[in-house]
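Peer 1: Be aware that the sequence shown starts at 4, since it is given in the numbering used here, and climbs by one per residue.
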Amino acid sequence: MDTTSHILMGLGLGALAQIDPVIANNAALAQAVVLGTVIGSNAPDFDFMYLLKGKGSYYRNHRAWSHSLLALPLWSAGVSGIIFSLFNVPSFSHLFFWTFLSVILHVLFDLFNVHGTQVLLPFSKKWIAFDSLPLFDPTISFVHILGFCLLPFNEPGKTFLIIYLFIFLYVVVRTIYAFLIKRKLEHHFIRSLRIKLIPRTFLFQWDVLIETNTDFLFGVYSEGSLHIEHTFSKEIDFPELVSDSQNHPTVSDFLSSTQYAFPSVRSWKNGYLIYWKDLRFRTKKFFPTLAILFISSDFKMKNCFIGTLHSLKQYKQVIRKLKI
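Structure, rendered in C-alpha cells:
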C-alpha cells in the first residue's frame, strides 16, 4: 500500500480501538492509541532511511528486514514505548496491542500487492506477493473516508468494525478471484514458466505477464478474457556484457529487489547501454522501473542509473548523463 493508505488505515484502527471501553473512557489513552496506530501503520516504511546511502541501498533493503516477522514486535515495542514515555496513560498493554496490530496490518496488506515483502527473513529471502490489491486501492481508501464522515453520527468503534469486516471480505474476494484467474491461465498456457498478475485500480482487472522458454507475453485480463497486447523475445545481444553487468553494485542492488528483471543491450558509437527492466511495471511497451548501465567502448567507464522514469524527456536526460 502507499503512504496515504497506511495513514488512513492507522486513523481507522485508532477509531476502531474505541470499541474497547478502557480506551473509550480515557481521553489521554485514546489519543496515545491513535498516535500509536498511525505511526505503527507506517513504521515498517521507515526503511526509507536507506536512501541516505543511495538508491541502490534502498532498492536492496526496502520491504526486507523492516517488513520481516522478527521486526514486527520490535517496531511495536519501539513506537509504543516512546509514546508511553511521553503520555500519562494508565495502560501500556492497550497501547502496545493496537500499535502491534497496526504494524501487522501494514505488512499484511503489503503482501497482497505486486511488490510483496521478504516477510520470512532470516529464514528465507523469498519475495512473497499475493497479487490481489493495487498499490493504491480506491475502494479501501473510499470506505475509510466514508467511515470518518460518519464518526459524528455513530460510535467510532462499531462504525469501523463494520468497515474492517467489509475490507476483510473485499480482500478475500479479490484474492480468490486472482487465484482463479492464475489457475485458468496456467491451464491455458501449459508451457509457461511462470505467470504474474499485476492488479489494476479498476475492480477485477489485472495486467498479466507470462514467461515462456522463448519469450514474454504482456496483456490485460478483464471480463473473463485475456487480451495479449505485445510480446518480446528472450534472445539477448552481447550476453557477456549482460553477465558482467550483474556484478555492478547498483545493478546487483536492483536485481535483489525483483524476480522479474530482464536485460537488453543497445550499442552506441562510444559504448553500450545495458537495460535491466522490471517487467512487472509497464506503460504500453515502456517499462519505467529499471537499472541502466552505460559501459564505454574501452570498458573503462561504467555509469549506472537506478529508479523509475516518468517521461521520455526524463529518459533522454538520464541517457545523456550516463554517457558524460
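Even for Gly, the Cβ is constructed at its ideal location relative to N, Cα and C.
Just tell me which of 98, 91, 5 and 85 has its CA closest to the CA of residue 16.
Peer 2: 98
Peer 1: Count the other CB atoms, across all protein chains shown, that sit within 10 Å of the CB of residue 320; report buried if there are 16 or more and exposed otherwise.
Peer 2: exposed
Peer 1: Taking just the CA atoms, how far does residue 311 sit from residue 289?
Peer 2: 11 Å
Peer 1: Using CA coordinates, which residue listed in 302, 116, 303 and 14 is at the minimum distance from residue 152?
Peer 2: 14
Peer 1: 8 Å is my cut-off, CB to CB: does residue 148 come that close to chain D?
Peer 2: Although the question refers to chain D, the structure presented lacks it and comprises just one protein chain.
Peer 1: Could you spell out the range, first to last residue, of the alpha helix (DSSP H) harbouring residue 96?
Peer 2: Its alpha helix (DSSP H) spans residues 95 to 114.
Peer 1: What are the complete alpha helix (DSSP H) segments, minimum 4 residues, inside the segment 108 to 179?
Peer 2: 141 to 153
Peer 1: Using only CA atoms, which one of 192, 266, 86 and 248 lies nearest to residue 231?
Peer 2: 192
Peer 1: Look at the alpha carbon of residue 207 and the alpha carbon of residue 9, and state the distance between them as a whole number of angstroms.
Peer 2: Their Cα atoms are separated by approximately 22 Å.
Peer 1: Provide the residue span of the alpha helix (DSSP H) that contains residue 334, from first to last.
Peer 2: Outside the modelled stretch of the chain, which goes from 4 to 327, sits residue 334, for which no answer is possible.
Peer 1: Look up residue 234 in the DSSP assignment and give the residues it is bridged to.
Peer 2: 220
Peer 1: Tell me whether residue 311 sits in a helix, a strand or coil according to DSSP, three-state version.
Peer 2: Strand.
Peer 1: Alpha carbon to alpha carbon, how far is residue 43 from residue 403? Give it in angstroms, no decimals.
Peer 2: There is no way to answer for residue 403, as the model of the chain reaches only from 4 to 327.
Peer 1: Kindly indicate which residue of 217, 106, 125 and 282 has the alpha-carbon position closest to the one of residue 291.
Peer 2: 282
Peer 1: So the candidates are 178, 213, 261 and 220; which of them puts its Cα closest to the Cα of residue 202?
Peer 2: 178
Peer 1: To the nearest angstrom, how far is it from the Cα of residue 60 to the Cα of residue 155?
Peer 2: One C-alpha to the other measures close to 45 Å.
Peer 1: Can you find the residues in the same chain that come closer than 8 Å, C-beta to C-beta, to residue 189, ignoring five residues on each side of it along the sequence?
Peer 2: Answer for residue 189: 195 and 198, listed in chain order.
Peer 1: If we call anything under 8 Å between Cβ atoms a contact, is residue 101 one with residue 160?
Peer 2: no
Peer 1: With a Cβ-Cβ cutoff of 8 Å, do residue 157 and residue 137 count as a contact?
Peer 2: no
Peer 1: Rounding to the nearest angstrom, what Cα-Cα distance links residue 33 and residue 45 in this structure?
Peer 2: 19 Å
Peer 1: Could you tell me which residues DSSP pairs with residue 289 in its beta bridges?
Peer 2: 286
Peer 1: Tell me which same chain residues have a C-beta within less than 7 Å of the C-beta of residue 122, skipping the five on either side of it?
Peer 2: 70, 71, 72, 110, 114 and 131
Peer 1: Compare the Cα-Cα distances from residue 243 to each of 266, 76 and 260 and report the closest residue.
Peer 2: 266
Peer 1: Within a Cβ cutoff of 7 Å, which residues of the same chain sit near residue 185, ignoring the five residues on either side of it in sequence?
Peer 2: 198 and 200
Peer 1: What are the boundary residues of the alpha helix (DSSP H) that residue 252 is part of?
Peer 2: 252 to 259
Peer 1: DSSP on residue 243, reduced to helix/strand/coil?
Peer 2: helix
Peer 1: Candidates 263, 258, 241 and 261: which alpha carbon is nearest residue 274's?
Peer 2: 241
Peer 1: Would you give the residue range spanned by the beta strand (DSSP E) that residue 203 belongs to?
Peer 2: For residue 203, no beta strand (DSSP E) encloses it, and the DSSP letter there is neither H nor E.
Peer 1: What are the boundary residues of the beta strand (DSSP E) that residue 211 is part of?
Peer 2: 208 to 214
Peer 1: Evaluate residue 52 with the Cβ neighbour count: other Cβ atoms within 10 Å of its Cβ, from every protein chain shown; 16 or more gives buried, anything less gives exposed.
Peer 2: exposed
Peer 1: When DSSP builds the beta bridges, which residues end up paired with residue 274?
Peer 2: 271 and 299
Peer 1: Indicate the three-state DSSP secondary structure (helix, strand or coil) for residue 64 in the structure shown.
Peer 2: helix
Peer 1: Could you give the first and the last residue of the continuous alpha helix (DSSP H) run that contains residue 4?
Peer 2: Residue 4 -> no alpha helix (DSSP H), and no H or E assigned at all.
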